[in-house]
Amino acid sequence: MKNNHLVRYILLLIVAIVILFFANLFVGSVKIPFQAMVDILAGGEAVKKSWEHIIIEVRLPQAITALFTGGGIAVAGLLLQTAFRNPLADAGILGISAGAGLGVAIVILLFGGIIGNNVGFDLSISMTVVAGAFVGAALILLIIIGFASIVKNNIMLLIIGIMVGYLTSSVISLLKYWSTSEQVFSYMIWGMGDFSGVSMEQLPFYCITVSIGLILAVVLVKPLNALLLGDRYAANLGVNIKRVRFLLLLCAGILTAVTTAYCGPISFIGLAVPHIARLMLGTSNHKSLLPMTILIGTFMALLCNLISVIPGSAGLIPLNAITPIFGAPVIIYVIVNQKKIQYFN
Amino acid sequence: MNKEPIISAQNLSIGYPKSRNRNTSVLYEDMSFNLYAGELTCLLGSNGAGKSTLLRTLTGLQPSLRGEVNLREKNISKYSEQQLSTLLGLVLTDKTIVGGLTVSELVALGRYPYTGFFGRLTKEDHQIVEKAMNDVCILHKKDSYVAELSDGERQKVMIAKALAQECPIIILDEPTAFLDIVNRIEIMNLLHLIAIKQNKTILLSTHDIELALTLADRLWLLARDKGLKCGVTEDIVLSDAINDYIGNSTIVFDRQTGRFVSEHNITKEIYLEADGELFFWTKNFLSRKGYSLTDNATNELSLKLSSSTGMSVIRNNRTEILSSFEELDLWLKG
């Protein structure tokens, strides 16, 4: 019945995403004429060799990374919110991003470099970083799951997540203390969030991993809806709670780990986008929520990335300076109006 | 004249097994019970009697300590979750976050065990969901969000979900808690009708003794020191079981009215002559004031009421005519 809305929103978002995608290719520190950009994308000869390099090797992977990352972290947020039955959960707040960051920090200390800053591409290194991020994220997830079985209060669990995040950060600080200033600097840059960390060669691996996470999420739509009823109701409907919970967290873990490893801990997209999707659709049915979340996440990521390159030759604005401007007001709005917002009940 | 039970248990022990920081805690031993199709059974017991533990054991959510619960003559723990989901529908008191689903979406979740990988509903599924909503009289709200419903309507939706699950057995944990009196009666009536019309086995725990007495086919009484007593409602009522299992020294079950009354401090006797509801409410008034009724028409105090002549009261052969209970109160004190 409300399908019309959904279809209209989806079409609108797709159009907006396409426009934003090309805007991301067009806008940057080097001015490239629109016609030249189109020619380069069409595979034609570029007027300047450097333009072709900028479009194909820099802006295109960055835009594609934003495209996948936005959808990925937004979906991770949605999954965590349903899995913990907590509308304010996301990888950042629960400390999972920090865990991934810790994994990355350890790997960087051992291998001495950030994947994005590596000259040339070495799959084994990037795999190690992703694996490190995943182990870190999974570790924190396990700790949070452990606490979730003891602490039933949603808000208390979030505070525990924040505490665990602080603990993780303190370990990271220790690691930084023992590192060279170059390593600290590259880690700091990584922490600001950036979609440019994935090179053209790494892109297929990145996109495939994020896609696996997204496909897994689509597969989980049916049990996700049953989980809205709580564990016992869901179990009574034949949901294998343990398995579904494991898959949900695995999926959220993969998405958080891979995006965090390459792009840094990007805040607020995972937290706010599912709310924007729910507020727009009015529903908590994952069947329509999931595609909306992916599209809005992608839209937000591309928009934030576009804003980050607006200063032009003056440099980049870190992503994590932009995402809260969109995300924080949404969360504040949701909290202030939670009595009126139906999906809270 | 033997009926086949759909759920039965012999010598069942329930409670919590030994764990790291607790010894085995046995709540009840040697429980035996049967549940039959087409009957509404109400489980009554005071708070903390272990009603929820019994329901959990009975639905296979919690393992029994000894003995087994048999569902259609097979141990309930031998069923897979998938199989159980089509046999046993639950309505719980758990907190849900389904406010953002529409009524029909929520009821459609009851089709979960039957639908495919992505939960797509067939035409038949849609019909079953529609019928379930119709059965609980919520069809007119099918496109409303659950958040927009009253507590009573929400409970109906959860019952509809259990109906859409098409289970022969429905078990409800305090379905009338938190509801006002009209909704409580409506829900209980509904469950009673469903049991009869759809030949379902319905077991619910409740504190609504008066409703249970009128609508339940069977009562299960549960008390910590006495165990479980099962029987047809009227058999239970006419034995003194309800008093033994649920009442205490000051709150007693009145078999005449089917209600629990608190034992008043009876000090004086009065003779009362009245009809119908006048008699009932006058007795109510008098017993609250500490008077018991006597059959002795020549008693020192006597009271005659009729709708035509009003109240005539006699104390020590002095007759007065009163017009309200307000005045009667003053007269009794004076």
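Chain order of the listed sequences is A and B.
Here the UniProt record's numbering is used: the first residue of the first sequence is 1, the next is one more, and so on.
Here the UniProt record's numbering is used: the first residue of the second sequence is 1, the next is one more, and so on.
Glycine included, each C-beta is placed from N, C-alpha and C at the ideal position.
* Asked: In chain B, what lies closer than 9 Å to A/PHE344 by C-beta?
  -> For the purposes of this step, residue 344 of chain A is taken as residue 344 along the first sequence, with counting starting at 1. In chain order: ILE97, GLY99, GLY100, ALA147.
* To do: Anything in the segment 50 to 82 of chain A with a Cβ closer than 7 Å to a Cβ of chain B? List those residues in chain order, please.
  => none
* Asked: DSSP three-state call for A/ARG8: helix, strand or coil?
  -> What you label residue 8 of chain A is simply residue 8 of the first sequence in a count that begins at 1. In the structure shown, A/ARG8 sits in a helix (DSSP, three-state: H, G or I).
* To do: State buried or exposed for A/LEU12, treating a residue as buried only when at least 16 other CB atoms are found within 10 Å of its CB.
  => Taking the first residue of the first sequence as position 1, residue 12 of chain A is located at position 12. The residue in question, A/LEU12, is exposed, as its Cβ has fewer than 16 Cβ neighbours within 10 Å.
* According to DSSP, what are the bridge partners of B/PHE253? -> Start at 1 with the first residue of the second sequence, and residue 253 of chain B comes out as number 253. Its beta-bridge partners are B/PHE260.
* Asked: Measuring CA to CA, which of A/VAL330, A/HIS286, A/GLY264, A/ASN240 is closest to B/GLN83?
  -> Here residue 83 of chain B corresponds to residue number 83 of the second sequence, with the count starting at 1. Checking every option, the nearest Cα to that of B/GLN83 belongs to A/ASN240.
* **Proximal chain A residues relative to B/GLY119, where beta-carbon distance stays under 8 Å** => By one-based count along the second sequence, residue 119 of chain B stands at place 119. Under the 8 Å cutoff, chain A gives VAL221, LYS222, ASN225, LYS287.
* Asked: Excluding the five sequence neighbours on either side, which residues of its own chain have a C-beta within less than 8 Å of the C-beta of A/PRO324, listed in chain order?
  -> Position 324 of the first sequence, counting from 1, holds the residue named residue 324 of chain A. Only SER267, PHE268 meet the Cβ criterion.
* Asked: Can you tell me whether DSSP reads B/GLU124 as helix, strand or coil?
  -> The residue you call residue 124 of chain B lines up with position 124 of the second sequence. Note: B/GLU124 maps to helix in three-state DSSP.
* Asked: Going by the CB atoms, is the gap between B/ILE185 and B/GLN155 shorter than 8 Å?
  -> Locating residue 155 of chain B in the second sequence gives position 155, where the first residue counts as 1. Locating residue 185 of chain B in the second sequence gives position 185, where the first residue counts as 1. No; because the gap between Cβ atoms is not below 8 Å, this pair is not in contact.
* To do: Ignoring anything shorter than 4 residues or poking outside the segment 272 to 326 of chain B, list the alpha helix (DSSP H) runs there in chain order.
  => 276 to 288
* **Neighbour-count burial assignment, B/PRO175, 16 or more Cβ in a 10 Å radius** => Numbered from 1 along the second sequence, position 175 holds the residue referred to as residue 175 of chain B. With 16 or more Cβ atoms within 10 Å of its Cβ, B/PRO175 is classed as buried.
* What are the start and end residues of the beta strand (DSSP E) that includes B/ILE7? -> Position 7 of the second sequence, counted from the start, is the residue given in the question as residue 7 of chain B. Segment 7 to 16, the beta strand (DSSP E) holding B/ILE7.
* Which residues bound the alpha helix (DSSP H) around A/SER50? -> As a working mapping, residue 50 of chain A is identified with position 50 in the first sequence. Its alpha helix (DSSP H) spans residues 49 to 52.
* B/GLU210, enclosing alpha helix (DSSP H) - first and last residue -> Numbered from 1 along the second sequence, position 210 holds the residue referred to as residue 210 of chain B. Segment 209 to 215, the alpha helix (DSSP H) holding B/GLU210.
* Member of A/GLN338, A/VAL330, A/GLY297 whose CA lies at the smallest distance from the CA of A/CYS68 -> The sequence position of residue 68 of chain A within the first sequence is 68, counting from 1. It is Phe, not Cys, that sits at residue 68 of chain A in the sequence shown. The candidate whose alpha carbon is nearest that of A/PHE68 is A/GLY297.
* To do: Compare the Cα-Cα distances from B/ALA216 to each of B/LYS226, B/LEU204, B/GLY227, B/ALA223 and report the closest residue.
  => For this step, residue 216 of chain B is matched to residue 216 along the second sequence. The shortest Cα separation from B/ALA216 among B/LYS226, B/LEU204, B/GLY227, B/ALA223 belongs to B/LEU204.
* Taking Cβ-Cβ distances shorter than 8 Å, what residues in chain A pair up with B/SER85? -> The sequence position of residue 85 of chain B within the second sequence is 85, counting from 1. Those within 8 Å of B/SER85 in chain A are ASN236, LEU237, GLY238.
* Contact list for B/PRO113 against chain A, beta-carbon separation under 7 Å -> Counting from 1 along the second sequence, the entry for residue 113 of chain B is found at position 113. Within 7 Å Cβ-Cβ: LEU237, GLY238.
* To do: Write down the C-beta distance between A/LEU316 and A/VAL27 rounded to the nearest angstrom, noting that I regard them as a contact closer than 8 Å.
  => Counting from 1 along the first sequence, the entry for residue 316 of chain A is found at position 316. Counting from 1 along the first sequence, the entry for residue 27 of chain A is found at position 27. Actually they do not touch by this definition, with Cβ atoms about 12 Å apart.
* To do: Return the chain-ordered list of same chain residues with a C-beta closer than 7 Å to the C-beta of A/GLY270, the five sequence neighbours on each side being excluded.
  => Residue mapping note: residue 270 of chain A aligns to position 270 of the first sequence, counting from 1. Closer than 7 Å at the Cβ level, and outside the excluded window around A/GLY270, lie ILE73, ALA74, ALA76, GLY77, ASP90, ALA91, GLY92.
* Asked: When we look at the beta-carbon of A/GLY170 and count the other beta-carbons within 10 Å, is it buried (16 or more) or exposed?
  -> For the purposes of this step, residue 170 of chain A is taken as residue 170 along the first sequence, with counting starting at 1. Before going further, note that residue 170 of chain A is Ser rather than Gly in the sequence given. Looking at its Cβ environment, which holds fewer than 16 other Cβ atoms inside 10 Å, A/SER170 is exposed.
* Asked: Mapping DSSP to helix, strand and coil, what is A/ASN305?
  -> Residue 305 of chain A sits at position 305 when you count from the first residue of the first sequence. Here A/ASN305 sits in helix by DSSP.
* Asked: Any idea what DSSP makes of A/GLY136, helix, strand or coil?
  -> In the first sequence, the residue the question calls residue 136 of chain A occupies position 136. Helix, per DSSP.
* Asked: So is B/GLN10 buried or exposed if we call it buried at 16+ other beta carbons inside 10 Å?
  -> Counted from its first residue, the second sequence places residue 10 of chain B at position 10. With fewer than 16 Cβ atoms within 10 Å of its Cβ, B/GLN10 is classed as exposed.
* Could you give the DSSP three-state label for B/ASP173: helix, strand or coil? => Translated into the one-based positions of the second sequence, residue 173 of chain B becomes position 173. Three-state DSSP puts B/ASP173 in a strand.
* Could you tell me which uninterrupted alpha helix (DSSP H) segments, each at least 4 residues in length, are contained entirely in the segment 145 to 179 of chain A, listed from first to last along the chain? => 154 to 177
* Asked: Using a beta-carbon distance below 8 Å, is A/ARG278 in contact with chain B?
  -> Position 278 of the first sequence, counting from 1, holds the residue named residue 278 of chain A. With 8 Å as the cut-off, A/ARG278 counts as an interface residue toward chain B.
* Option in A/LEU109, A/ILE155, A/VAL219, A/ALA226 with minimal Cα separation from A/SER181 -> Here the question's residue 181 of chain A lines up with position 181 in the first sequence. Of the listed residues, the one whose Cα sits closest to A/SER181 is A/LEU109.
* Asked: Which term fits A/ALA234, buried or exposed, when burial requires 16 or more other beta carbons within 10 angstroms of its beta carbon?
  -> Residue numbering aside, residue 234 of chain A sits at position 234 when the first sequence is read from its first letter. Buried: at least 16 other Cβ atoms inside 10 Å.
* Who are the Cβ neighbours of A/PRO291 in its own chain at under 7 Å, not counting the five residues just before and after it? -> On the first sequence, position 291 is the one that residue 291 of chain A refers to. Answer for A/PRO291: ILE10, listed in chain order.
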